[in-house]
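In UniProt numbering, the protein residues as written are 1 to 244.
#1: Going by DSSP, what residue range makes up the beta strand (DSSP E) through residue 198?
#2: Alpha carbon to alpha carbon, what distance is there between residue 76 and residue 87?
#3: With a CB to CB cut of under 6 Å and the five nearest residues on each side skipped, what residues in its chain are close to residue 44?
#4: With DSSP as the reference, label residue 224 as helix, strand or coil.
#5: Starting from residue 210, follow the beta strand (DSSP E) in both directions and report where the run begins and ends.
#6: Is the beta carbon of residue 203 closer than 8 Å to that of residue 211?
#7: What separation, rounded to the nearest whole angstrom, lies between the Cα atoms of residue 32 and residue 5?
#8: Should residue 2 go down as buried or exposed, given a rule of 16 or more other Cβ atoms within 10 Å for buried?
#9: Given that a residue counts as buried once 16 or more other Cβ atoms are within 10 Å of its Cβ, and exposed if not, what is residue 58?
#10: Keeping to the same chain, check which residues put their C-beta closer than 8 Å to that of residue 199; ignore five residues upstream and five downstream.
#11: So residue 225 packs on residue 205, CB below 8 Å; how close in whole Å?
#12: Using the Cα positions of residue 29 and residue 61, report the straight-line distance between them to the nearest angstrom.
#13: At what residues does the alpha helix (DSSP H) containing residue 28 begin and finish?
#14: Let me check understanding here. Comparing Cα to Cα, which of 70, 223 and 219 lies closest to residue 209?
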């Protein structure tokens, strides 16, 4: 064996020894720690599952408890309602019985009282009849003096009197009020109708009346209202114009 081979063999032995020491160290220190962490994680997972199941069970128990409490409350309310209805029926029956007894006792008192008040009623009726007859006689006398209501005597004022005149609506046949227009005085002063030459413009006198500026044959320019007709609204058709 040469020296080189001997050196290589020594190196191999040293490497094997170091690796063995390393593995033994890992087994003693590293692996237990890893196993501990893994077991802790497993325990935590189991605890989480257990807590979840416990929460579900608690929720189910709470729901069941609430359902039972609601059922008890409903049953209690139903019993209270039945008791109240029975009490009301009993009170109504007692009231009817008392009312019937009161009517029976009151009938006797009513008969006694009616006998006592008969004489007084007769006297009151006689006095009222006498006063009624006197008032009727007085009314008849007043009617005879004043005449028939709603009419006028010969001595009194009649509706023809100006004092009784009432302003009413004007008659349908009465002429409409005259419309003053300064521009018409010039047109009618000539003594006759004048034909239209053309229209120079228009304007709205109100929402319903449209005015046109008319140029007449004699040179006058006036504003006239156009009557709403569809067959005469053109120059020369002066029959559809009226004084504004």
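All residues carry an ideal CB built from backbone N, CA and C; glycine is no exception.
In short:
#1: Counting from one through the chain shown, the residue named residue 198 turns up at place 198. For residue 198, the uninterrupted beta strand (DSSP E) run begins and ends at 196 to 204, by DSSP.
#2: Locating residue 87 in the chain shown gives position 87, counting from the first residue. Locating residue 76 in the chain shown gives position 76, counting from the first residue. Distance from the CA atom of residue 87 to the CA atom of residue 76, rounded to whole angstroms, is 16 Å.
#3: The count along the chain shown starts at 1 and reaches residue 44 at position 44. Exclusion of the five residues before and after residue 44 leaves no residue of its chain whose Cβ lies closer than 6 Å to its Cβ.
#4: Walking along the chain shown from the start, residue 224 turns up at place 224. In this structure, residue 224 counts as strand in the three-state DSSP scheme.
#5: Taking the first residue of the chain shown as position 1, residue 210 is located at position 210. Here the beta strand (DSSP E) through residue 210 covers 210 to 216.
#6: Numbered from 1 along the chain shown, position 211 holds the residue referred to as residue 211. Numbered from 1 along the chain shown, position 203 holds the residue referred to as residue 203. Yes, they are a contact pair.
#7: As a first step, residue 32 must be located in the chain shown, where it is residue number 32. As a first step, residue 5 must be located in the chain shown, where it is residue number 5. Put simply, the backbone Cα of residue 32 is about 40 Å away from that of residue 5.
#8: Translated into positions along the chain shown, residue 2 becomes position 2. With fewer than 16 other Cβ atoms inside 10 Å of its own Cβ, residue 2 counts as exposed.
#9: For this step, residue 58 is matched to residue 58 along the chain shown. With a threshold of 16 other beta carbon atoms within 10 Å, residue 58 falls short and is exposed.
#10: As a working mapping, residue 199 is identified with position 199 in the chain shown. Excluding sequence neighbours, residue 199 sits near 212, 213, 214, 215 and 235.
#11: Here residue 225 is taken as the residue at index 225 of the chain shown, counted from 1. Here residue 205 is taken as the residue at index 205 of the chain shown, counted from 1. Between residue 225 and residue 205 the beta-carbon gap is near 6 Å, inside 8 Å, which marks them as a contact.
#12: Start at 1 with the first residue of the chain shown, and residue 29 comes out as number 29. Start at 1 with the first residue of the chain shown, and residue 61 comes out as number 61. C-alpha separation (whole angstroms): 48 Å.
#13: By one-based count along the chain shown, residue 28 stands at place 28. That residue, residue 28, is in no alpha helix (DSSP H); it is neither H nor E in DSSP.
#14: Along the chain shown, read from residue 1 onward, the residue named residue 209 stands at position 209. Taking the Cα of residue 209 as reference, the smallest distance to any Cα among 70, 223 and 219 is reached at 223.
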